[in-house]
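Residue numbers (the numbering used here), protein chains in the order written: chain E, 1 to 715; chain P, 1 to 715.
For each residue, glycine too, the CB sits at the ideal point set by N, CA and C.
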């Protein structure tokens with residue numbers, strides 16, 4: 001079957017030229033209207049996606065990958081259909097697959113967000129006709145569901161219909177990413193198409209100028225119950241104060257960027273950071289990827305053809321190129337030029353919408369409303385600016401990070417989380433083909449910094465550094481287990497161990513002064529925060545810098561993010577906030593330091609309380625710690641020790657154990673050892689108490705331990 | 001200070017020549033009489049022990065070790081006093097030490113039972129006067145306690161006064177072992193003493209003859225509440241039927257043994273087993289250790305001097321020499337000569353007491369009643385025999401083992417347990433210096449087979465092999481943990497896992513035939529026994545021969561012994577009996593085999609039930625197991641799978657996991673994997689059920705896990 005004959009039958013082309021509906025209002029209260037809206041939203045998207053592939057000029061264009069490390073386009077043609085089936089299975093709107101084989105082929109390839117985890121398996125791709133027949137079945141299935149499946153309104157996160165909206169939005173993302181792949185394909189493999197006509201306006205570029213943006217605050221994020229579909233990364237909240245800055249009125253045009261190219265910017269490593277130089281050398285890049293040098297001068301590759309360079313269109317580059325341009329401009333203009341942060345983009349957005357009535361949307365080259373290409377950078381004014389939304393995506397300095405309260409959606413738990421790695425930068429504003437969720441203010445897409453989309457940039461002048469927010473998820477097994485142990489859920493109804501110990505310790509203080517407490521072996525730091533509810537100041541000390549980092553992160557950001565092993569390689573994503581534990585007010589009274597309990601620095605002294613929780617059986621020389629700790633505690637102060645006495649050679653050489661062996665022919669327990677080393681300077685108060693704790697290893701496997709707590713009063 | 005002047009003051013020598021009282025009746029109901037009896041028992045023992053050291057002729061005799069690998073006698077002089085203090089502290093009859101330094105020096109050296117764990121530290125021994133002063137303080141302390149401490153009768157195991165009786169009996173053991181060390185000391189270091197005069201009767205030895213002992217039963221062991229003090233190894237019960245045998249009427253005399261020496265028995269390795277040859281070559285032994293070759297012919301070393309060889313006294317040898325003599329005698333007489341077993345010695349004892357009235361005791365060279373040496377082997381008739389008790393200890397073929405119901409005494413948990421190693425053989429009957437507990441029928445002392453005591457032997461003629469009873473304590477960490485997991489205590493109130501699973505499985509069988517069940521991955525075997533309560537036959541299969549051995553041991557002996565890690569190196573000794581779990585009747589219906597669940601032998605088939613508990617995530621190829629297991633189950637039969645899905649590369653290569661990963665971009669759980677592999681031949685019944693289990697690692701540390709149980713019906 002010939003691709004051309006396949007790609008142009010009947011009804012689909014008609015829809016392809018009508019405007020695309022916006023992502024629907026999920027707070028709709030009338031089921032019939034909701035079904036109608038979703039039917040139109042689904043059909044227009046499914047049609048327009050198929051229409052896009054009509055720009056392919058030959059069968060080979062479907063099967064030859066446009067760029068290495070990516071599947072061929074036949075994969076993407078099937079993939080968006082299979083995605084519906086997979087997500088509908090997960091929400092139980094359907095019980096069976098349509099075609100298990102094809103659905104295995106189309107389930108996963110290059111992730112639709114663009115990170116390059118393609119494996120090098122050789123695929124035996126199905127024919128175009130087979131895939132078309134499969135798409136037709138999926139189309140029929142989804143339409144039948146939309147028309148007939150039980151529907152409870154509104155459609156929220158946990159509504160099974162969320163899978164339908166997700167499937168449509170997912171296909172809209174691929175509409176754009178596939179258009180980029182087609183733009184990267186061989187020229188011979190593409191052909192013009194009436195529904196995909198580029199803009200014909202172009203001319204010399206207007207000079208770019210700076211616009212002042214006053215300081216202001218931004219409040220980002222959305223509620224779970226929000227009326228408009230969003231991807232997981234849009235939920236939660238983020239607020240910031242943004243200092244004043246200046247921003248370029250227009251996107252950087254091809255003309256403006258040419259100066260950098262002609263100045264040899266691609267050959268000067270000083271303008272590029274390490275990762276950028278790596279890309280530049282690998283790619284042997286000398287100019288923007290869609291520029292073509294020809295006998296007639298510079299040309300620009302569009303989706304289905306090449307045109308003489310439209311100098312007044314936005315330049316399309318990756319992050320590295322955009323950043324290098326800014327460094328070059330800084331170097332020659334004497335001003336701190338850089339890309340905007342995500343927060344700054346929202347300030348631009350707010351400024352550009354000043355005076356615009358609610359519900360009104362300034363016109364923009366967005367949502368396929370005008371052309372299948374960019375257009376001049378001075379065509380769509382938005383307030384003092386042009387193209388704050390639309391025309392081309394705009395790179396930011398901000399690696400994507402989770403808002404406070406971020407959580408993954410249960411049927412798509414790896415949409416965003418793998419990109420919280422500091423290596424995926426946010427793009428904002430949308431391009432000419434961005435539609436659906438891509439075209440809304442709240443959207444947050446991020447790509448590897450060397451990837452190409454229909455993306456360019458706008459620069460800002462600011463003396464404020466562009467700080468990268470914390471996006472880190474603790475994935476180390478021990479660190480994650482301790483984060484959950486200290487801040488996570490209860491298991492087997494066992495109360496939080498650190499909190500229980502801190503409360504015992506605080507109760508034991510009785511009438512004693514509660515100025516300074518030392519949490520020795522503080523690990524993830526929970527007991528330090530708990531003690532700070534009663535003490536004026538708490539020092540948390542641990543041998544491990546990795547643990548200290550968790551405490552420091554909590555002090556700095558109020559939260560800790562980590563993955564929890566569930567089963568095999570499957571994980572859950574967790575975020576724990578001090579505020580949710582009622583500990584937000586303690587932050588100013590806690591400091592964390594790396595330190596060695598067996599060789600404590602002099603400044604750690606003058607304490608009313610020292611807590612040593614699950615510490616002594618992890619020390620290389622517990623006797624030294626016990627023999628010297630009295631020097632750090634005020635007379636009448638307390639030492640609280642808790643330990644399961646799990647002596648292991650890997651932590652403590654056998655000869656350094658203080659108990660757990662026969663001595664002089666009798667059992668010498670660790671409690672005996674504590675007395676042996678502490679009685680000279682301490683008096684034990686009360687009986688030993690068992691304090692249980694549970695450490696979660698997987699969803700089904702736990703360590704369940706009894707720590708023996710003893711309290712010692714400094715003589 | 002001179003040892004001689006120290007050793008002969010006042011009152012002690014007087015007591016030393018009066019007969020020693022027997023170990024007292026602890027069922028005494030009158031406190032005053034009890035105090036008096038203990039006072040006499042203590043004083044006579046303490047005096048006699050001090051008197052023994054008066055045979056030392058020089059200070060050097062106290063400080064030079066009589067044999068390598070043993071402490072000098074000064075240690076033993078202090079040790080028996082320190083023992084009182086240590087045990088009184090443990091039962092809280094006292095709260096403070098008398099002399100922490102000396103008590104550290106004297107606490108432990110060569111164990112009093114004789115196994116050679118002496119470390120090579122250099123000791124700075126205290127002076128004799130210091131030790132004497134210390135002994136005087138201990139004497140005063142114990143006497144004060146006996147006179148004044150609160151006393152509740154009777155004195156049982158858990159009575160604090162048990163420590164006093166234990167201390168006395170302990171010193172009586174050292175009275176004997178020290179006498180052996182003195183006998184091994186240089187001749188110049190010893191001197192005769194009026195209280196320690198050897199027997200002067202000797203002459204040519206009478207010919208030894210055989211006495212028939214008819215078949216009979218023996219019932220050994222004693223109850224915890226027994227009236228007479230016993231060491232831990234005497235408690236519990238042991239019953240046996242002993243076939244008829246013949247036994248030598250007398251102990252083997254020096255004369256009878258001479259024939260073996262002169263026949264070159266010490267030079268012929270064929271008479272000695274491997275361990276015996278090792279000793280023989282190390283020691284360069286050519287004759288019994290106390291024999292001396294002199295110009296006037298053979299002499300015999302006694303405790304304080306040498307005498308012309310008394311040919312009619314019992315030869316004193318170690319086990320190896322006694323056994324070699326028997327092998328030599330077998331080789332030359334054509335009859336199966338060997339040492340008696342412990343059971344056979346009790347048959348001798350019963351025969352020798354035939355016709356003796358209750359409460360009467362035949363006279364014997366025992367309890368220091370006659371001399372400080374052996375005497376002729378035909379002096380003390382006991383029934384048809386001589387010296388069934390007394391004169392010299394008699395080696396047996398039986399390595400010491402615990403009776404059923406054995407438990408350690410809480411204040412002396414390593415009196416016997418370290419000797420349950422198959423390397424310590426029982427000696428019976430007592431020697432001339434055996435007194436107190438040593439002189440009672442129930443006593444059970446065991447020494448390494450190469451050690452010397454005042455011990456010889458009697459031989460028996462029997463065609464029955466001398467089987468070594470199981471004395472093995474499982475000490476391997478994993479094996480012990482599983483033994484406790486399957487047969488031990490509940491922790492955190494979690495019901496026994498194997499029992500719970502078996503009950504679930506039996507309930508699920510409903511009306512199905514219950515002929516044959518397969519417990520795959522049976523580990524220690526508990527579920528096999530539980531299933532055998534409902535099935536006609538159960539096969540337990542495990543990959544590990546070590547686990548299979550536990551099941552086999554339970555089938556063969558009805559019990560399993562193991563150590564449980566408590567804290568560090570400290571352990572508890574446990575024995576678990578099928579009878580105590582109500583499972584004794586299942587033994588005939590259970591078989592254990594080593595086998596591979598991924599490659600099951602053909603005979604394991606035709607099952608109504610297959611239980612795979614905590615198995616699938618430990619297999620190297622779980623898919624193969626799941627894909628083939630239907631072949632082993634009858635139509636309508638059940639497969640019960642329980643697993644926490646703890647996939648680990650160390651057990652199952654990553655590519656062999658059946659779940660716990662992303663597949664086609666979606667979570668693929670192990671439950672999904674089970675369906676994938678089982679649905680072709682099985683139908684799942686009911687919902688998955690969590691069955692919890694706890695594995696104890698130490699007294700304070702546990703694994704607490706939720707195993708997911710699913711039940712599958714074979715189509």
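Considering just the uninterrupted stretch of the alpha helix (DSSP H) at residue i, what are its terminal residues?
i: residue 130 of chain P; result: 128-148
i: residue 50 of chain P; result: 31-52
i: residue 167 of chain P; result: 162-184
i: residue 245 of chain E; result: Per DSSP, residue 245 of chain E belongs to no alpha helix (DSSP H); it is in the beta strand (DSSP E), 245-248.
When you compare only the Cα positions, how much space is there between residue i and residue j?
i: residue 624 of chain E; j: residue 631 of chain E; result: 12 Å
i: residue 506 of chain E; j: residue 539 of chain E; result: 15 Å
i: residue 612 of chain P; j: residue 693 of chain P; result: 15 Å
i: residue 572 of chain E; j: residue 465 of chain E; result: 33 Å
i: residue 342 of chain E; j: residue 397 of chain E; result: 7 Å
i: residue 111 of chain P; j: residue 582 of chain P; result: Residue placement at residue 111 of chain P is flagged as unreliable, the pLDDT there being 44, under the threshold of 50; the coordinate-derived value follows with that caveat. Answer to the nearest angstrom: the Cα atoms are 39 Å apart.
i: residue 722 of chain E; j: residue 442 of chain E; result: The first residue shown for chain E is 1 and the last is 715, placing residue 722 of chain E beyond what the model contains.
i: residue 156 of chain P; j: residue 213 of chain P; result: 37 Å
i: residue 284 of chain E; j: residue 525 of chain E; result: 48 Å
i: residue 587 of chain E; j: residue 672 of chain P; result: 45 Å
i: residue 379 of chain E; j: residue 459 of chain E; result: 18 Å
i: residue 300 of chain E; j: residue 357 of chain E; result: 37 Å
i: residue 470 of chain E; j: residue 401 of chain E; result: 7 Å
i: residue 294 of chain E; j: residue 309 of chain E; result: 10 Å
i: residue 482 of chain E; j: residue 578 of chain E; result: 15 Å
i: residue 196 of chain E; j: residue 170 of chain E; result: 21 Å
i: residue 474 of chain E; j: residue 707 of chain P; result: 27 Å
Could you pull the DSSP bridge partners for residue i from this structure?
i: residue 537 of chain E; result: E/516
i: residue 448 of chain E; result: E/424
i: residue 409 of chain E; result: E/412
i: residue 705 of chain P; result: E/701, P/693
Which whole-angstrom value is the C-beta distance of residue i and residue j, which I expect to be below 8 Å?
i: residue 562 of chain P; j: residue 574 of chain P; result: 6 Å
i: residue 249 of chain E; j: residue 211 of chain E; result: 5 Å
What residue does the beta strand (DSSP E) around residue i start on, and which one ends it?
i: residue 577 of chain E; result: 570-577
i: residue 567 of chain E; result: 559-567
i: residue 343 of chain E; result: Taken as a continuous stretch (DSSP letters only), residue 343 of chain E belongs to no beta strand (DSSP E), being part of the alpha helix (DSSP H) at 342-352.
i: residue 59 of chain P; result: Looking at the DSSP string, residue 59 of chain P is not in any beta strand (DSSP E); the run it does join, the alpha helix (DSSP H), is 59-63.
(message) Beta carbons nearer than 7 Å to chain P: which residues of the region 635-646 of chain E have them?
(response) 644, 645, 646
(request) Below 7 Å between beta carbons is the criterion; list the residues of the region 325-357 of chain P that meet it against any residue of chain E, in chain order. (result) none
(request) Taking only beta carbons into account, state which residues of the region 700-711 of chain P come closer than 9 Å to chain E, listed in chain order. (result) 700, 701, 702, 703, 704, 705, 706, 707, 708
(request) Could you run through the region 555-568 of chain E and flag, in chain order, every residue whose CB is less than 7 Å away from some CB of chain P? (result) 567, 568
(request) Could you run through the region 650-666 of chain P and flag, in chain order, every residue whose CB is less than 9 Å away from some CB of chain E? (result) 654, 657, 659, 660, 661, 662, 663, 664, 665, 666
(message) Against chain P, which members of the region 663-693 of chain E pass a CB distance test of less than 7 Å?
(response) 664, 665, 666, 667, 669, 670
(request) Give the residues from the region 488-499 of chain E that approach chain P closer than 9 Å (Cβ to any Cβ), ordered along the chain. (result) 491, 492
(message) At a CB distance below 7 Å, what residues from the region 65-87 of chain E approach chain P? Give them in sequence order.
(response) 86
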